[in-house]
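Here's the structure, in C-alpha coordinates; my notes come after.
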(Lines of atoms letter the chains of each structure in order from A and count residues from 1; the text may use other names and numbers.)
(Lines give C-alpha, C1' and ligand atoms only; values in the text may rest on other atoms or scores of the structure.)
Protein backbone atom coordinates (compact mmCIF):
# COMPACT_ATOMS: atom_id res chain seq x y z
CA UNK A 1 0.00 0.00 0.00
CA UNK A 2 2.69 2.50 0.96
CA UNK A 3 4.81 1.84 -2.12
CA UNK A 4 1.82 2.14 -4.45
CA UNK A 5 0.67 5.31 -2.65
CA UNK A 6 4.14 6.83 -3.04
CA UNK A 7 4.25 6.05 -6.76
CA UNK A 8 0.78 7.51 -7.40
CA UNK A 9 0.95 10.59 -5.16
CA UNK A 10 2.40 12.99 -7.76
CA UNK A 11 0.31 11.80 -10.74
CA UNK A 12 -2.87 12.02 -8.64
CA UNK A 13 -1.92 15.51 -7.47
CA UNK A 14 -1.49 16.62 -11.08
CA UNK A 15 -4.75 14.92 -12.05
CA UNK A 16 -6.53 16.62 -9.14
CA UNK A 17 -5.35 20.01 -10.37
CA UNK A 18 -6.48 19.28 -13.94
CA UNK A 19 -9.77 17.45 -13.38
CA UNK A 20 -10.75 18.93 -10.05
CA UNK A 21 -9.87 17.94 -6.52
CA UNK A 22 -13.35 17.07 -5.36
CA UNK A 23 -14.03 14.98 -8.48
CA UNK A 24 -10.85 12.94 -8.16
CA UNK A 25 -11.33 12.51 -4.41
CA UNK A 26 -14.94 11.38 -4.83
CA UNK A 27 -14.06 8.90 -7.56
CA UNK A 28 -11.10 7.40 -5.74
CA UNK A 29 -12.86 7.21 -2.38
CA UNK A 30 -15.60 5.26 -4.17
CA UNK A 31 -12.85 2.97 -5.52
CA UNK A 32 -11.56 2.67 -1.95
CA UNK A 33 -15.00 1.44 -0.89
CA UNK A 34 -14.87 -1.22 -3.61
CA UNK A 35 -11.37 -2.34 -2.63
CA UNK A 36 -12.46 -2.57 1.01
CA UNK A 37 -15.34 -4.82 0.04
CA UNK A 38 -13.11 -6.95 -2.19
CA UNK A 39 -10.47 -7.38 0.51
CA UNK A 40 -13.17 -8.57 2.92
CA UNK A 41 -14.42 -11.07 0.34
CA UNK A 42 -10.97 -12.27 -0.74
CA UNK A 43 -10.69 -16.06 -0.88
CA UNK A 44 -7.03 -16.06 0.21
CA UNK A 45 -4.26 -13.93 1.65
CA UNK A 46 -2.46 -13.33 -1.67
CA UNK A 47 -5.60 -11.92 -3.30
CA UNK A 48 -6.22 -9.70 -0.28
CA UNK A 49 -2.63 -8.50 -0.40
CA UNK A 50 -2.87 -7.54 -4.08
CA UNK A 51 -6.14 -5.66 -3.53
CA UNK A 52 -4.66 -3.95 -0.46
CA UNK A 53 -1.76 -2.77 -2.62
CA UNK A 54 -4.22 -1.41 -5.20
CA UNK A 55 -6.00 0.44 -2.40
CA UNK A 56 -2.82 2.50 -2.10
CA UNK A 57 -4.03 4.51 -5.10
CA UNK A 58 -7.10 5.98 -3.37
CA UNK A 59 -5.04 6.26 -0.18
CA UNK A 60 -2.58 8.48 -2.06
CA UNK A 61 -5.46 10.61 -3.32
CA UNK A 62 -6.84 11.02 0.19
CA UNK A 63 -3.47 12.22 1.46
CA UNK A 64 -2.28 14.41 -1.40
CA UNK A 65 -5.40 15.68 -3.15
CA UNK A 66 -7.30 15.74 0.15
CA UNK A 67 -4.67 18.04 1.67
CA UNK A 68 -4.80 20.39 -1.31
CA UNK A 69 -8.61 20.37 -1.17
CA UNK A 70 -8.51 21.25 2.52
CA UNK A 71 -6.33 24.25 1.67
CA UNK A 72 -9.01 25.32 -0.85
CA UNK A 73 -11.51 25.42 2.02
CA UNK A 74 -9.71 27.75 4.40
CA UNK A 75 -8.76 31.41 4.51
CA UNK A 76 -5.07 32.26 4.19
CA UNK A 77 -5.12 33.95 7.61
CA UNK A 78 -5.97 30.62 9.28
CA UNK A 79 -3.86 28.19 7.24
CA UNK A 80 -1.56 27.09 10.07
CA UNK A 81 -4.49 26.58 12.43
CA UNK A 82 -6.34 24.31 10.02
CA UNK A 83 -3.19 22.46 8.98
CA UNK A 84 -2.85 21.71 12.70
CA UNK A 85 -6.41 20.33 12.78
CA UNK A 86 -5.56 18.27 9.71
CA UNK A 87 -2.51 16.80 11.42
CA UNK A 88 -4.62 15.90 14.45
CA UNK A 89 -7.17 14.18 12.21
CA UNK A 90 -4.35 12.15 10.61
CA UNK A 91 -2.41 11.38 13.79
CA UNK A 92 -5.17 10.35 16.20
CA UNK A 93 -6.39 7.49 13.97
CA UNK A 94 -2.80 6.28 13.62
CA UNK A 95 -2.63 5.99 17.41
CA UNK A 96 -6.15 4.83 18.23
CA UNK A 97 -6.89 2.83 15.06
CA UNK A 98 -4.60 -0.09 15.82
CA UNK A 99 -5.76 -0.20 19.43
CA UNK A 100 -9.47 -0.13 18.64
CA UNK A 101 -9.03 -2.27 15.53
CA UNK A 102 -7.07 -4.84 17.51
CA UNK A 103 -9.76 -5.02 20.18
CA UNK A 104 -12.46 -5.46 17.51
CA UNK A 105 -10.43 -8.14 15.73
CA UNK A 106 -9.84 -9.97 19.02
CA UNK A 107 -13.53 -9.82 19.84
CA UNK A 108 -15.10 -10.47 16.41
CA UNK A 109 -12.35 -11.66 14.04
CA UNK A 110 -10.79 -10.06 10.97
CA UNK A 111 -13.88 -10.19 8.76
CA UNK A 112 -15.68 -7.45 10.74
CA UNK A 113 -12.89 -4.92 10.16
CA UNK A 114 -13.57 -4.64 6.43
CA UNK A 115 -17.33 -3.93 6.51
CA UNK A 116 -16.75 -1.38 9.29
CA UNK A 117 -14.04 0.38 7.30
CA UNK A 118 -16.33 0.46 4.26
CA UNK A 119 -19.16 1.98 6.32
CA UNK A 120 -16.90 4.76 7.63
CA UNK A 121 -15.45 5.37 4.16
CA UNK A 122 -18.95 5.71 2.68
CA UNK A 123 -19.81 8.16 5.48
CA UNK A 124 -16.73 10.22 4.56
CA UNK A 125 -17.70 10.16 0.88
CA UNK A 126 -21.20 11.41 1.74
CA UNK A 127 -19.77 14.21 3.89
CA UNK A 128 -17.36 15.17 1.09
CA UNK A 129 -20.31 15.71 -1.27
CA UNK A 130 -21.74 18.37 1.07
CA UNK A 131 -18.55 20.47 1.04
CA UNK A 132 -18.32 23.41 -1.36
CA UNK A 133 -15.04 25.39 -1.39
CA UNK A 134 -16.43 28.58 -2.92
CA UNK A 135 -19.03 28.91 -0.16
CA UNK A 136 -16.43 28.25 2.53
CA UNK A 137 -14.11 30.97 1.23
CA UNK A 138 -16.86 33.54 0.76
CA UNK A 139 -17.50 33.59 4.51
CA UNK A 140 -15.19 35.88 6.45
CA UNK A 141 -13.20 34.39 9.35
CA UNK A 142 -14.13 35.57 12.81
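Residue numbers (this note's numbering): 2 to 143. All C-beta atoms, glycine included, are put in the ideal place defined by N, C-alpha and C.
Query: Which same chain residues end up closer than 8 Å to residue 113 when comparing Cβ atoms and leaving out the 5 residues on each side of it in sequence?; Result: 105, 106
Query: When DSSP labels each residue in this structure, what does residue 145 get in the three-state scheme?; Result: Within the shown structure, residues of the chain are numbered from 2 to 143, placing residue 145 beyond reach of any answer.
Query: Between residue 26 and residue 68, is the Cβ-Cβ spacing less than 8 Å?; Result: no
Query: When we look at the beta-carbon of residue 59 and count the other beta-carbons within 10 Å, is it buried (16 or more) or exposed?; Result: buried
Query: Please give me, in chain order, every unbroken run of the alpha helix (DSSP H) with length at least 4 that falls completely inside the stretch 28 to 114.; Result: 46 to 55, 57 to 73, 80 to 109
Query: Report the rounded CA-to-CA distance for residue 149 versus residue 23, giving the unit in angstroms.; Result: The shown model of the chain, from 2 to 143, leaves out residue 149, and the question about it has no answer.
Query: Return no unless some Cβ of chain B is closer than 8 Å to the Cβ of residue 89.; Result: Structure shown: chain B not included; a single protein chain is present.
Query: What number of angstroms, rounded off, separates the C-alpha of residue 88 from the C-alpha of residue 61?; Result: 16 Å
Query: Which same chain residues, not among the five before or five after residue 6, have their C-beta less than 8 Å away from its C-beta?; Result: 57, 58, 60, 61, 64
Query: Quick check on the burial criterion: 16 or more other C-beta atoms within 10 angstroms. Buried or exposed for residue 122?; Result: buried
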